[in-house]
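Asks:
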Amino acid sequence: MKNERSKKINKNILNNVITIGIIIIFYAICQIMIQTGSMSNLMKGLLVNLCYYSILAVSLNLTVGILGELSLGHAGFMCVGAFTGAIFTQCTVDIIPNTFIRFTLALLIGALFAALFGMLIGVAVLRLRGDYLAIVTLAFGEIIKNFINVLYIGLDGKGLHISIINTSLNLQDGGKVILKGAQGISGTPQNTTFTIAVILLIIIYMIIVNLIKSRSGRAIMAIRDNRIAAESVGIDITRFKLLAFSISAGMAGIAGVLYSHNISSLTASPKTFGYNQSIMILVFVVLGGIGNIRGSIIAAVVLTLLPEYLRFLQDYRMLIYAIVLIVMMIFNWNPACIEWRKRHQIKNLFNQFSKKKEA
Amino acid sequence: MAMLSVSNLGISFGGLRAVDSFNIEIEKGELYGLIGPNGAGKTTAFNLLTGVYKPDTGRVLLDGVNITGLSTIGINKAGIARTFQNIRLFKNLSVLDNVKAGLHNNYKYSTLSGILRLPSFFKTERLMNEKAMDILKVFDLDQEANRLASNLPYGKQRKLEIARALATNPKLLLLDEPAAGMNPAETVELMETITLVRKKYDVTILLIEHDMKLVAGICEKIFVLNFGTELANGLPSEVLNNPEVIKAYLGA
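Taken in order, these protein sequences are the chains called A and B.
Note that this note's numbering has the first sequence beginning at 51, numbered continuously upward.
Note that this note's numbering has the second sequence beginning at 2, numbered continuously upward.
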């Protein structure tokens, strides 16, 4: 019996090692390709995107798969992280010359603000169930995007000036406008590198996996499986729902900071932070398998690369993309396909390896 | 002083008085049976005791402490655990994790030490595993520890629910039809388990049951509920021979 249990723990560790191994191998291949110059510029530009989309998918999976609540405002939390992170960097670019410290702080601030917004939304709506949470988060995503589009923030000797009416902000001499409403923030130092993004992805993966396999994770999943029974064994429903929801939002915030420090001009456009983006992240989660963290990463990578490689189809691109999505959805959960995947798992390779050693 | 002392408990749903002036005194260590026809208000009485519904009238004292109107969570922390008539397991968790979810408030470490895998995580998880396996062994479920709860056969799911409730370390255990859907052999086994659990964990039990063999076999006292009010209350020999009870529930 004890043996069986230790086997199970080993299985969990093995799973994590495999996932992190895949990420590191992928990273190594990309680095080699960059060094040898065999990577196209298109692909180079996508590398960071792959990481922050993966982070978004993994963090949304915490809400959808582990907590069991539908959130349609994940891009909104990313938006909060992106703008707070960028504003912080703009404000402190002269004060903190060390890029590493400044960027780390920006990441923390972005995560913190996104988590704070997650908590505020959560307090208000986590008492609601099912569709209602989806509707409210959807509204939040749209509101935050439109709000930032009319927001002006400037910095001068006296400190931060924030306004949504007075676009001149009455800045002193030498002050600069950081956020110009719909024109957004431009000139943020591009501190995000592929390496940093991959490291963050691994850290976030570990945080979520460790959370799931702990007392709090068990409580969160108990709430998902049966709310009434969870209450009856004394699990504080609101507290753990909020915990999961704000961690999920905070991680979306980190993805946002990565995004805002990867582009030259950050605007709260519908394309980057709109409803479609939230749905896109949800598609990653659903296709990768609800509750399956590794699947989310794979789905995010595949579905981000796919439209880029379908560009040769020109006008038919999104049409084909949609068809590929449907086909993937059907085949992914086809019993025969699941069977095939089980037979060809990476884990089996490990087993064969150890068997050979024994023989 | 009785361990659980309920006086004049009642609730109405619209014009329906579902439970009315419900009085019961349960001494420590007793095994009490709650019976009555369908719709008599037995489960409603359980829901009142566990805080799922807030009573309109009356009060509930557990070991002299007033727990009337507390939340379900508060009542569980005060020492009342329950099972459900329709099984409510954490279906996608393993059998072991179901019991460990029950241990939630008895073994604590912070979320942060869980995420960072600090020593307190490993220490507490080990203790939790040991305790959970102990409880599972009593219910003969230790071989199934790593199975998903939803994959267990029906009888074992019922047992797992009791195991999970016991994990919260209650003073009083409320069992809502523990033998529902079980065959006679399983019922006998369940009776033995309940008797064993009561001794081993020193827990007081109040159970709802329609299986009269079980009720007559293990209950020390019986309370009969009919149309939300008390019909009879006392020793099994008296209650089960009471003509009113035979007329309303048992049948000739």
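C-beta atoms are modelled at their ideal positions from N, C-alpha and C, and glycine is treated no differently.
Determine, for A:MET51, whether the minimum Cβ-Cβ distance to residues of chain B falls below 8 Å.
Replies: In this prediction, A:MET51 has a pLDDT of 46, which is less than 50 and means its spatial position is unreliable; nothing more can be read from the coordinates.
Asks: So if DSSP puts B:GLU26 in a beta bridge, which residue, or which two residues, is it bridged to?
Replies: Answer by DSSP bridge pairing, in chain order: B:SER6.
Asks: Checking contacts by CB at 8 Å: is A:ASN111 closer than that to chain B?
Replies: No - not a single Cβ of chain B is within 8 Å of the one on A:ASN111.
Asks: Name the chain A residues that come within less than 9 Å of B:ASP98, Cβ to Cβ?
Replies: In chain order: ARG268, MET271, ALA272.
Asks: I want to see whether chain B comes within less than 8 Å of A:GLY284, judged by CB atoms only; does it?
Replies: A:GLY284 counts as touching chain B.
Asks: Alpha helix (DSSP H) containing A:PHE138: first to last residue?
Replies: Taken as a continuous stretch (DSSP letters only), the alpha helix (DSSP H) holding A:PHE138 covers 124-142.
Asks: Determine the extent of the beta strand (DSSP E) in which B:TYR33 is found, giving its start and end residues.
Replies: First-last of the beta strand (DSSP E) with B:TYR33: 32-36.
Asks: Enumerate in chain order the residues of its own chain whose CB-to-CB distance from B:ASP177 is below 7 Å, with the five nearest sequence positions on each side excluded.
Replies: Contacts found: THR44, PHE47, ARG83, THR84, PHE85, GLN86, ILE209.
Asks: Just tell me which of B:GLN144, B:GLY34, B:PHE122, B:LEU226 has its CA closest to the CA of B:PHE23.
Replies: Answer by Cα proximity: B:LEU226.
Asks: Looking at the unbroken alpha helix (DSSP H) that takes in B:THR45, where does it start and where does it end?
Replies: Here the alpha helix (DSSP H) through B:THR45 covers 43-50.
Asks: For B:PHE122, go through chain D and note every residue whose CB falls closer than 9 Å to its CB, in chain order.
Replies: Given the protein chain composition of this structure (A and B), no chain D is represented.
Asks: Decide if A:ARG361 is buried, meaning its Cβ has at least 16 other Cβ atoms within 10 Å, or exposed.
Replies: The residue in question, A:ARG361, is exposed, as its Cβ has fewer than 16 Cβ neighbours within 10 Å.
Asks: Tell me the residue span of the beta strand (DSSP E) that contains B:ASN234.
Replies: Unbroken beta strand (DSSP E) run through B:ASN234: 230-235.
Asks: Helix, strand or coil: which one does DSSP assign to B:ASN107?
Replies: Three-state DSSP puts B:ASN107 in coil, outside helix and strand.
Asks: Measuring only the C-alpha atoms, how far is A:SER109 from A:ILE258?
Replies: The straight-line gap from Cα to Cα measures roughly 8 Å.
Asks: Assuming A:PHE323 contacts A:TYR103 (C-beta within less than 8 Å), just tell me the rounded distance between them.
Replies: Actually they do not touch by this definition, with Cβ atoms about 14 Å apart.
Asks: With a threshold of 6 Å on Cβ separation, who are the neighbours of A:ALA125 within its own chain once the five nearest residues in sequence on each side are excluded?
Replies: Cβ neighbours of A:ALA125 beyond the five flanking positions: GLY191, PHE323, GLN327, SER328.
Asks: Over the uninterrupted alpha helix (DSSP H) stretch that includes B:VAL53, give me the two end residues.
Replies: No alpha helix (DSSP H) holds B:VAL53; DSSP gives it neither H nor E.
Asks: Against chain A, which members of the region 76-90 of chain B pass a CB distance test of less than 8 Å?
Replies: For the region 76-90 of chain B, which is checked against every Cβ of chain A, the residues closer than 8 Å are ASN77, LYS78, ALA82, ARG83, PHE85, ARG89, LEU90.
Asks: Between the C-alpha atoms of A:MET51 and B:GLY34, what's the straight-line distance to the nearest angstrom?
Replies: Only weak support exists for where A:MET51 lies, its pLDDT of 46 falling under 50; the value from the coordinates is given anyway. Whole-angstrom Cα-Cα distance: 37 Å.
Asks: Taking a Cβ distance cut-off of 9 Å, strictly less, list which residues of the region 39-72 of chain B are near chain A, in chain order.
Replies: Residues passing the 9 Å Cβ filter: THR51, GLY52, VAL53, SER72.
Asks: Establish whether the CB of A:GLU119 and some CB of chain B are separated by less than 8 Å.
Replies: So, not an interface residue.
Asks: If you draw a straight line from the C-alpha of A:ILE342 to the C-alpha of A:ASN111, how long is it?
Replies: A small correction: the amino acid at residue 342 of chain A is Asn; Ile does not occupy that position in the sequence shown. Cα to Cα, A:ASN342 sits roughly 8 Å from A:ASN111.
Asks: Run down chain B in chain order and give the residues with a C-beta less than 7 Å from the C-beta of A:ASP275.
Replies: PHE91, LYS92, ASN93, LEU94, listed in chain order.
Asks: Counting along the chain, where does the beta strand (DSSP E) carrying A:SER346 start and finish?
Replies: Per DSSP, A:SER346 belongs to no beta strand (DSSP E); it is in the alpha helix (DSSP H), 343-359.
Asks: Report the option in B:ASP64, B:HIS105, B:LEU236 whose CA atom is closest to the CA atom of B:ASN170.
Replies: Answer by Cα proximity: B:HIS105.
Asks: Kindly list, in the order they appear in chain A, the residues whose Cβ is closer than 7 Å to that of B:LYS101.
Replies: The answer, in chain order, is ARG268.
Asks: Excluding the 5 residues preceding and the 5 following A:ILE287 in the sequence, name in chain order all residues of the same chain whose CB lies nearer than 8 Å to its CB.
Replies: Result list for A:ILE287: ILE273, ARG277, ALA280, GLU281, in chain order.
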